[in-house]
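Undergrad: One structure coming up, written as structure tokens, with questions to follow.
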Amino acid sequence: MTEQTGPSLPSGKSGPAGKSGPAGKSGPAALAALAAFEAEGAARRAGVVVRELERISEFQTVFALFDRIWRADPGSAPVSVELMRALSHSGNYVAGAFEGDTMVGACVAFLAGPPGGGLHSHVTGAVVGRGVGFALKLHQRAWAVERGLERVSWTFDPLVRRNAYFNLTKLGGRPVEYLPSFYGEMTDVINAGDESDRLLLVWRLGEPYVLEACAGRPRDAAAPEHAVARVRGEGDRPVVSPAGGGAVSLVATPADIEGLRATDPGAARAWRWAVREVLGGLMESGGRVTGFTKAGEYVVELP
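Sequence positions in the sequence shown follow our numbering and run 1 to 303.
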């Protein structure tokens, strides 16, 4: 689970958990205070404490957690203990979410070019459905803003519907590039048997829609009436339609690509090729992905 100045909460208004938000500041200091405040609130609601990691024993715990999540070949989690140690020691981001003494999520990221501009989030793993992932991302946002960074980027599988909704709607990120077979062949349980296409997403930390999302007011995308459904689902298979000349296209995703890889690999491959051809083609031609609907469709505005 691989981004400016914003307003503070007005004085007297309530922030997360009913507590007063930061007030009386402006400019970068306001955004930093707001990001820290919202990160604390997200962690509290998830019932965790999120903090940076520094010790070898902590990196070993992250490795074991990722090993369980990805279920790759034994000892081949997405990032090694040694690399986490090097990244942390050189001023990059390695953090964990704890429920008591138990680590329930972690995130690893490194500074990205151009210098001083952004952070690239290489991998995030967390227990599902409790808000731990959201708490980790808001902690990462606060860390980045405190250091004067404007954006965070990461990649994700465009076919995994829940991740697309989380990244585009819950966080307010925006895909900027379609990357076919980005990691080559992958053998972990989640990705095995499929090509590793990814969307590169940028989280622009000062944008109004990001500020609203991080405050718990995400903008749900709705499909415009005039939108053209370029990819839609029919049973477990995709149906691709020709371009219809509209200004907005919709690209559907399968309800459960991970399950489909196991039960119908042919259908999973058909979805991969359809979304690569249509979404990748639209983005290459200048189309902008502006949202992801609750029905599981990318909303693409054409140039």
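Glycine residues also receive a C-beta, built at the ideal position from the N, C-alpha and C atoms. Here the structure is a predicted model, which means the values were calculated and not measured.
Please name the residue in Ser88, Gly133, His120 whose C-alpha comes closest to that of Gly47.
TA: Locating residue 47 in the sequence shown gives position 47, where the first residue counts as 1. If we check each option's Cα against that of Gly47, Gly133 comes out closest.
Undergrad: For the region 282 to 301 against the region 222 to 232, do three or more pairs of beta-carbon atoms, one drawn from each stretch, fall closer than 8 Å, so that the two count as touching?
TA: Because the criterion of three Cβ pairs below 8 Å is met, the region 282 to 301 and the region 222 to 232 touch.
Undergrad: Looking at Trp271 and Pro238, is the spacing between their C-beta atoms short of 7 Å?
TA: Working through the sequence shown from its first residue, we reach residue 238 at position 238. Working through the sequence shown from its first residue, we reach residue 271 at position 271. Yes; because the gap between Cβ atoms is below 7 Å, this pair is in contact.
Undergrad: Let me check understanding here. Comparing Cα to Cα, which of Arg204, Gly148, Val251 lies closest to Asn167?
TA: Looking up residue 167 in the sequence shown gives position 167. With distances taken between Cα atoms, Asn167 lies closest to Arg204.
Undergrad: Just curious, the beta strand (DSSP E) that Gly291 is in, first and last residue?
TA: Against the sequence shown, residue 291 aligns to sequence position 291. Note, Gly291: beta strand (DSSP E), 288 to 292.
Undergrad: Mind checking whether Val123 and Val145 have CB atoms under 7 Å apart?
TA: Sequence index remark: in the sequence shown, residue 123 carries index 123 (1-based). Sequence index remark: in the sequence shown, residue 145 carries index 145 (1-based). Contact: no.
Undergrad: Is it true that the CB of Ala106 sits closer than 7 Å to the CB of Leu171?
TA: For the purposes of this step, residue 171 is taken as the residue at position 171 of the sequence shown. For the purposes of this step, residue 106 is taken as the residue at position 106 of the sequence shown. Contact: no.
Undergrad: Indicate whether at least one CB of chain B lies closer than 7 Å to the CB of Gly172.
TA: Given the protein chain composition of this structure (a single chain), no chain B is represented.
Undergrad: Taking only the alpha-carbon atoms, compute the straight-line gap between Val278 and Asp101 and give it to the nearest angstrom.
TA: Reading the sequence shown from its first residue, position 278 is the one you call residue 278. Reading the sequence shown from its first residue, position 101 is the one you call residue 101. Computed Cα separation, rounded: 46 Å.
Undergrad: Tell me, to the nearest whole angstrom, how far the beta carbon of Val275 is from that of Val228; I am working on the premise that it is less than 8 Å.
TA: Residue 275 sits at position 275 when you count from the first residue of the sequence shown. Residue 228 sits at position 228 when you count from the first residue of the sequence shown. So it is not a contact: roughly 15 Å between Cβ atoms.
Undergrad: List the endpoints of the continuous beta strand (DSSP E) containing Tyr183.
TA: Your numbering for residue 183 matches position 183 in the sequence shown. First-last for Tyr183: undefined, no H or E at that position.
Undergrad: If you follow the beta strand (DSSP E) that Ser249 is in, where does it begin and where does it stop?
TA: Translated into the one-based positions of the sequence shown, residue 249 becomes position 249. Ser249 -> beta strand (DSSP E) spans 248 to 252.
Undergrad: Thinking C-alpha only, which one of Arg162, Thr169, Leu200 is nearest Pro180?
TA: Taking the sequence shown and counting its residues from 1, the one referred to as residue 180 is at position 180. Here the closest residue by C-alpha is Leu200.
Undergrad: Excluding five sequence neighbours on each side, which residues of the same chain lie with their C-beta closer than 8 Å to the C-beta of Ser241?
TA: Position 241 of the sequence shown, counted from the start, is the residue given in the question as residue 241. Excluding positions up to five away in sequence, the list reads Val228, Ala229, Arg230, Val231, Arg232.
Undergrad: For Leu306, which of helix, strand or coil comes out of DSSP?
TA: Examination of residue 306 is not possible in this model, given that the chain is present from 1 through 303 alone.
Undergrad: When the distance is taken between beta carbons, is Asp236 closer than 7 Å to Asp264?
TA: Taking the first residue of the sequence shown as position 1, residue 264 is located at position 264. Taking the first residue of the sequence shown as position 1, residue 236 is located at position 236. For Asp264 and Asp236, yes; Cβs fall inside 7 Å.
Undergrad: For Gly118 and Phe110, what's the separation of their Cα atoms in angstroms?
TA: For the purposes of this step, residue 118 is identified with residue 118 of the sequence shown, where counting begins at 1. For the purposes of this step, residue 110 is identified with residue 110 of the sequence shown, where counting begins at 1. Cα-Cα distance, rounded: 9 Å.
Undergrad: Just to confirm before moving on: does the CB-CB distance between Met103 and Gly113 stay below 7 Å?
TA: Residue mapping note: residue 103 aligns to position 103 of the sequence shown, counting from 1. Residue mapping note: residue 113 aligns to position 113 of the sequence shown, counting from 1. Against a cut-off of 7 Å, the Cβ pair of Gly113 and Met103 comes out as no contact.
Undergrad: Quick one: Cα of Ala33 to Cα of Leu138, how far?
TA: Position 33 of the sequence shown holds residue 33. Position 138 of the sequence shown holds residue 138. Cα-Cα distance, rounded: 12 Å.
Undergrad: For Gly233, which residues does DSSP report across the bridge?
TA: The residue you call residue 233 lines up with position 233 of the sequence shown. Gly233 is bridged to Pro238.
Undergrad: Between which two residues does the beta strand (DSSP E) containing Ala39 stretch?
TA: Here residue 39 corresponds to residue number 39 of the sequence shown, with the count starting at 1. Counting along the chain, Ala39 falls outside any beta strand (DSSP E), though it belongs to the alpha helix (DSSP H) covering 28 to 46.
Undergrad: Please return the same chain residues whose Cβ sits closer than 8 Å to the Cβ of Ala135, not counting the five positions on each side in sequence.
TA: Taking the sequence shown and counting its residues from 1, the one referred to as residue 135 is at position 135. The residues are Ala39, Ala42, Ala43, Arg45, Ala46, Val48, Val50, Ala97, Gly105.
Undergrad: Between the alpha carbons of Ala243 and Leu83, how many angstroms are there, rounded?
TA: As a working note, residue 243 is residue 243 in the sequence shown. As a working note, residue 83 is residue 83 in the sequence shown. Between Ala243 and Leu83, the C-alpha separation is close to 45 Å.
Undergrad: Buried or exposed: where does Pro175 fall if 16 or more other Cβ atoms within 10 Å of its Cβ makes it buried?
TA: Translated into positions along the sequence shown, residue 175 becomes position 175. The residue in question, Pro175, is buried, as its Cβ has 16 or more Cβ neighbours within 10 Å.
Undergrad: Buried or exposed for Ala126, please, with buried defined as at least 16 other CB atoms from any protein chain shown within 10 angstroms of its CB.
TA: As a position in the sequence shown, residue 126 is number 126, starting the count at 1. Buried, by the Cβ-count rule.
Undergrad: What span of residues does the alpha helix (DSSP H) with Leu85 cover, start to end?
TA: In the sequence shown, counting from the first residue as 1, residue 85 sits at position 85. According to the sequence provided, residue 85 is Arg. The question's Leu does not apply to it. Here the alpha helix (DSSP H) through Arg85 covers 81 to 89.
Undergrad: First and last residue of the beta strand (DSSP E) that includes Ser121?
TA: Taking the first residue of the sequence shown as 1, we reach residue 121 at position 121. 118 to 126 is the extent of the beta strand (DSSP E) around Ser121.
Undergrad: Tell me the rounded alpha-carbon separation between Ser80 and Ser121.
TA: Translated into positions along the sequence shown, residue 80 becomes position 80. Translated into positions along the sequence shown, residue 121 becomes position 121. Their backbone Cα atoms lie some 15 Å apart in a straight line.
Undergrad: With DSSP collapsed to three states, give me the class of Pro175.
TA: In the sequence shown, counting from the first residue as 1, residue 175 sits at position 175. Reduced to three states, the DSSP call for Pro175 is strand.
Undergrad: Mind checking whether Tyr93 and Phe292 have CB atoms under 7 Å apart?
TA: Along the sequence shown, one-based indexing puts residue 93 at 93. Along the sequence shown, one-based indexing puts residue 292 at 292. No, the Cβ-Cβ distance between Tyr93 and Phe292 is not below 7 Å.
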